[in-house]
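What follows is a single structure, written as structure tokens, with notes after it.
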Amino acid sequence: MTPPPYALRIDTDVTTLRAADHLLRGLAAGLGLPGDTFGCTHLVSEGGRRRVALSLAASSRAVLDTARDRLTAQGRTVTDGVWDEAGRAVLFPGAARLTGTLTVAEVLERSAIERVRVLGTPDAPGPGTRLNTREFVRPRWEDGELVLAAMPAAGSTLVPFEDPAPTPCCADH
Numbered sequence: 005m006t007p008p009p010y011a012l013r014i015d016t017d018v019t020t021l022r023a024a025d026h027l028l029r030g031l032a033a034g035l036g037l038p039g040d041t042f043g044c045t046h047l048v049s050e051g052g053r054r055r056v057a058l059s060l061a062a063s064s065r066a067v068l069d070t071a072r073d074r075l076t077a078q079g080r081t082v083t084d085g086v087w088d089e090a091g092r093a094v095l096f097p098g099a100a101r102l103t104g105t106l107t108v109a110e111v112l113e114r115s116a117i118e119r120v121r122v123l124g125t126p127d128a129p130g131p132g133t134r135l136n137t138r139e140f141v142r143p144r145w146e147d148g149e150l151v152l153a154a155m156p157a158a159g160s161t162l163v164p165f166e167d168p169a170p171t172p173c174c175a176d177h
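Going by our numbering, the sequence shown runs without a break in its numbering and finishes at 177.
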């Protein structure tokens with residue numbers, strides 16, 4: 005699967021992934037987007053201004069034209085295209101079906117994710133390998149494929165690399 009052909013960039017003043025996820029979900033809910041829409045976050049630094057920007061991608065230009073009009077009416081800065089080709093997907097087909105512990109085969113079957121990559125190993129996990137989603141799955145676009153980075157966890161399972169509740173840097177001192 006390649007990213008849908010029509011995309012919008014939504015600029016923000018958000019500086020954390022958690023806040024960007026929340027904003028993206030809220031905007032998407034208010035827009036009533038179809039289930040095949042992708043919503044991604046992008047780390048952007050332009051003119052010394054660092055932020056987490058958003059993109060929406062869909063297979064229908066009409067869907068995004070309507071989204072653009074509504075977002076612009078809300079005072080959002082919206083332009084055509086994506087920020088980069090490596091967006092972090094928050095909204096994607098099948099995302100809501102990735103809960104609990106699933107096999108890699110189930111993850112690939114239920115969602116738009118095309119591949120699971122285990123950090124630190126050159127080999128792909130077997131289709132029967134269990135993945136504890138922690139109800140927080142954030143794949144990224146890599147060379148036109150939606151790829152979930154995972155890491156080994158207890159009990160011969162995997163977990164998504166991105167932690168749903170990360171410890172802030174230097175939290176213990």
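For every residue, glycine included, the Cβ atom is placed at its ideal position computed from N, Cα and C.
As the structure is a prediction and not an experimental result, all values here were calculated from the model.
Check	Outcome
Length of the line joining the Cα atoms of residue 164 and residue 143	8 Å
DSSP bridge partner residues for residue 83 (one or two, in chain order)	13
Where the alpha helix (DSSP H) through residue 108 begins and ends	108-114
Residue 138 (DSSP reduced to helix, strand or coil)	coil
Buried versus exposed, by CB contacts within 10 Å (16 or more), residue 135	buried
Where residue 148 falls, given that 16 or more other Cβ within 10 Å makes a residue buried	exposed
Boundaries of the alpha helix (DSSP H) in which residue 67 is found, first to last residue	65-77
Where residue 43 falls: helix, strand or coil (DSSP)	strand
Supposed close pair residue 14, residue 58 - CB separation, criterion 8 Å	4 Å
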